[in-house]
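Just so you know, the protein sequences line up as chains A and B, in that order. My numbering applies: residue 1131 is where the first sequence begins, and numbers increase by one. My numbering applies: residue 2 is where the second sequence begins, and numbers increase by one. To keep things clear, I will list the structure first and then write my remarks on it.
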Amino acid sequence: MVLWNGLGVFWPHAVAEVELADLKKLLGEELQTEINPDTGVESIKFKVGNMEDGPAFRWIESSTIHSTTYPQDAYVLERITNMNYYGFLRKLVTPSATISNDGSMQKQLAAAIADTKMKFAREVAPIQAKQAALANELKNHVKYAILRINYQRKQLLAAGHSNDSEEVNRLAQQLAELQAKEERLKKESDQLTAEIDKHEAAVRANVAIFADASGREKSIALSDIVRFYCPNQMSIGSMLAHYCAKIWELLATNPRESNQDGGLFPAIFGTVLMVFLMAATCFPLGVLAGIYLGEYAKEGFLVRLVRIAVNNLAGIPSIVYGIFGLGFFIYLVGGHLDHWFFPERIDAGEPVFGQGCIIWASLTLGLLTIPVVIVSTEEALRAIPRGIREGSYALGSTKFQTLVRILVPMASPGMMTGFILAMARAAGEVAPLMITGAVKNAPVPFDGSFPYLHLDRQFMHLGFHILDISCKSPNVEATKPMVYVTTLLLLLIVLSLSSFAIYLRNRMRTRFQSRTI
Amino acid sequence: MLKTSDTKHTMKHAFRPKAQNNEEVPPAANDVSKHTANESPSAPVIADPIVRAEQVRLYYGKSEALKDITMDFPRHEVTALIGPSGCGKSTLLRCLNRMNDLIDDVRTTGRIEFDGQDINDKAVDVIELRRRVGMVFQKPTPFPKSIYENVAYGLRIAGIRQRHILDEVVEKSLRRAALWDEVKDRLHESALGFSGGQHQRLCIARAIAVNPEIILMDEPCSALDPRSTTRIEDLIGQLRGEYTIIIVTHNMQQAARVSDWAAFIYEGVLIEFGITSKLFTKPERKETEDYITGRFG
């Protein structure tokens, strides 16, 4: 079901023009037909888009439909805001774009949009990038530096220095410098904003005039149009091309319109990054613990207790791990880290590690999976025939050498199995993430400023995304297709990660397992 | 009496039968069991033993598996430990390189002297001991590595890493184990792809590679087919002059074929120890004769 619905989302639907009994006309995609079980009335759900003009989804009773046609020149516009627009192209007004007047309206529109996009990329985008870098520096360096100095000053004064002492004066000087810099940067930023506005206004002057089913005209800026197509006259080839373009957009771009449209790239990145961080923490720790429990620990009360605890940990509900992560990692550890390294940020109400972030989420999920890895490591080591160990010891090997050179390689398929199970479970858990750092909308925690991978930032996650758009979105109808797509994507990612781990395990198995002849 | 059965072997020492009982253990300690070596009228004296066991007892938890074993193992010769299953032969063998340390709940008393020192002494380095006293087990256990790496394993863990030394030792060991011709083109293939007999010879080569003084063999041929068994027995004959071999076997004919000396152990007690030919043709104890003629066992 997920596969069918998910894959079908991006296939272009035909656009129907429907004339109702009361002579009103509607243009939209037919989505679903339903028969009301009580009254026996059949209704069809239409997606009419144009959110600024009314509800985007309408249920129409079949009996009120007078006629249905599929006009060849119906356009579907995917826009940056306000959902799709369904209508007919009337004319193009392009004061600053130069396009030839020959070719079909479609081709002209395409050319105009392409031209606008190019202008935007050439003129506006670099300025926007500069401004973003400025804002980054302003915030991350200047603002926090000011905070730090203020905090240090407060500390000094509290410790008894007078307002005139050397250290306080020095700090005041630094503060003055930074504030001057802040002023300068802010002014620069304002200048850039003015420039952007000017260019943007020029670009936005290029519009296309469309009319919807009832004849109402609307002027739509070309820069608002992400993509357009005429589904009723598309050939299979162009439908395929459209499909592929949508898939690409899904995987590689950011979401639009409160997660209804657009891409899932930040969520994909967040999910994969979190799985890797979790693997990096839980796998070594679990393997080492399993080796210790299996090989080195002397059997006794404490060891038995630990083993019971490990076995029980595997069954605890994941939300409990989430709460533990909140209490231990975020408040205790994160709070202490902030207290030692970033005290000024606590005062300002912006804790660094004392809030949900990707590193705590990964560690919490790592805790979830450690018991599985420990148990499977122990079992894998136990399964190695005693003769191998004795053979190694009899040659004058220490326990450590035997472990490292022979036992661990032989046990590695079993360890990998445990790891696969653990990863598959953790990649799908959402409850602990909700509390420890996954959010509705956040940028990718990887950018150009040191330390490049920001582990103290919040992140998006596919599982959380599904929860968010299916339960908490303002327009549940609109996000339904995205729910299927996101689910499908999450399944695919988990499957591919598991497949990779299985492949590794099979390779290890052929290399390290002894076969009886 | 000189040993005459084996013409390839040159006697390095002479011995004379003992006329009286010179066991150190007083008779009182031995009344736990009715079979004691005490009553043997002619336990041999070995002039230059490589290992001396004195009053060795071993306890698995509460039960006594080895009851007061005292014997000397002759140098550079093959000694067979024979007896019915479960009577302590393997246990005694494993005492000699302290493999019983790996089993929980095992306690040993007595003294096992190798090279003038008690091997159970705290000051002895077990790793070093195990290099000097190698072991081959009943079930061949090649490591899941290449042939080369299997044989070189003992050297690598001893810290030897130079390629030319490893190459040389690997070739020498495989030749001595009569395996070189079969594997010389496949040295770097996985060791798991060979037959059982080849695996056992590989294990022997592996044990030889660290240049031990004693090779302990715990029923090395019981898991093999007759042809492989013959090859291994020939191998033991070839190795004998350079190494001391102590072999546990429940196959009497094999013991007769392969060994110079034989010790009959029954229910944890050393019943008789002597030159193989004499033990098999003119055993001095009734229990020995019963076992050899097949009346029990």
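From the three backbone atoms N, C-alpha and C, an ideal C-beta is built for every residue, glycine too. These figures come from a predicted structure and were not determined experimentally.
Item                                                                                                                      : Value
Spatial neighbours of lysine 1328(A) in its chain, beta-carbon cut-off 7 Å, leaving aside the 5 residues before and after : none
CB contact flag (isoleucine 1190(A), isoleucine 1174(A), <8 Å)                                                            : yes
DSSP three-state assignment for threonine 1383(A), whether helix, strand or coil                                          : coil
Euclidean distance between Cα positions of isoleucine 215(B) and glutamate 290(B)                                         : 29 Å
Simplified DSSP assignment, three categories, for leucine 1239(A)                                                         : helix
Distance between isoleucine 1398(A) and phenylalanine 138(B) (C-alpha atoms, nearest Å)                                   : 54 Å
C-beta neighbour in chain B for leucine 1511(A), strict 8 Å                                                               : no
Chain B contact residues for methionine 1540(A), given Cβ-Cβ distances below 7 Å                                          : Pro145
Short CB-CB distance (under 8 Å) between glutamate 1508(A) and chain B                                                    : no
Whether isoleucine 1210(A) touches valine 1402(A) by CB criterion (8 Å)                                                   : no
Backbone secondary structure at threonine 250(B) - three-state DSSP                                                       : coil
Whole alpha helix (DSSP H) elements within the segment 173–238 of chain B, 4-residue minimum                              : 181–184 and 197–210
Under 8 Å from the C-beta of leucine 1525(A): neighbouring residues of chain B                                            : Arg131, Arg132, Gly135, Tyr154, Gly155, Ile158, Arg207, Ala208 and Val211
Proline 50(B) - containing beta strand (DSSP E), residue span                                                             : 50–61
Alpha-carbon spacing of aspartate 1203(A) relative to proline 1396(A), whole angstroms                                    : 36 Å
Simplified DSSP state of arginine 164(B), which is helix, strand or coil                                                  : helix
Inter-residue Cα distance where the pair is tyrosine 1205(A) and alanine 1631(A)                                          : 46 Å
Span separating the alpha-carbon of alanine 1685(A) from that of leucine 1467(A)                                          : A question about residue 1685(A) goes unanswered here, because the residues of chain A that appear run from 1131 up to 1647.
Cβ contact check for the segment 1488–1499 of chain A and the segment 1587–1599 of chain A: 3 or more pairs under 8 Å     : yes
Residues that methionine 100(B) contacts on chain A, provided the C-beta gap is smaller than 8 Å                          : Glu1520, Tyr1523 and Ala1524
CA-to-CA distance, alanine 178(B) to leucine 203(B), given in whole angstroms                                             : 7 Å
Sequence-distant residues of its chain with Cβ nearer than 6 Å to histidine 1143(A) (five each side left out)             : Glu1159
Residue-level contact to chain A via CB, phenylalanine 74(B), 8 Å cutoff                                                  : no
For serine 64(B), the residue or residues it bridges with in DSSP                                                         : Tyr61(B)
Beta strand (DSSP E) runs wholly inside the segment 1159–1185 of chain A, at least 3 long, in chain order                 : 1172–1177
Separation of threonine 80(B) from lysine 283(B), as counted between CA atoms                                             : 18 Å
Listed by chain order, chain B residues near glycine 1517(A) by CB distance under 9 Å                                     : Phe138, Gln139, Lys140, Pro141 and Thr142
Methionine 1540(A) versus glycine 155(B) - alpha carbon distance                                                          : 18 Å
Threonine 1224(A), DSSP secondary structure in three states                                                               : coil
Beta bridge counterpart(s) of glutamate 1191(A) as assigned by DSSP                                                       : Ser1173(A)
Listed by chain order, chain B residues near phenylalanine 1642(A) by CB distance under 8 Å                               : Pro145
Under 8 Å between C-beta atoms of glycine 1393(A) and alanine 1382(A)                                                     : yes
CB contact flag (glycine 242(B), alanine 224(B), <8 Å)                                                                    : no
Threonine 245(B) beta carbon less than 8 Å from that of glutamate 220(B)                                                  : no
Presumed contact (8 Å Cβ cut-off) between aspartate 73(B) and glutamine 56(B), rounded CB distance                        : So it is not a contact: roughly 13 Å between Cβ atoms.
DSSP-derived helix/strand/coil call for histidine 1143(A)                                                                 : coil
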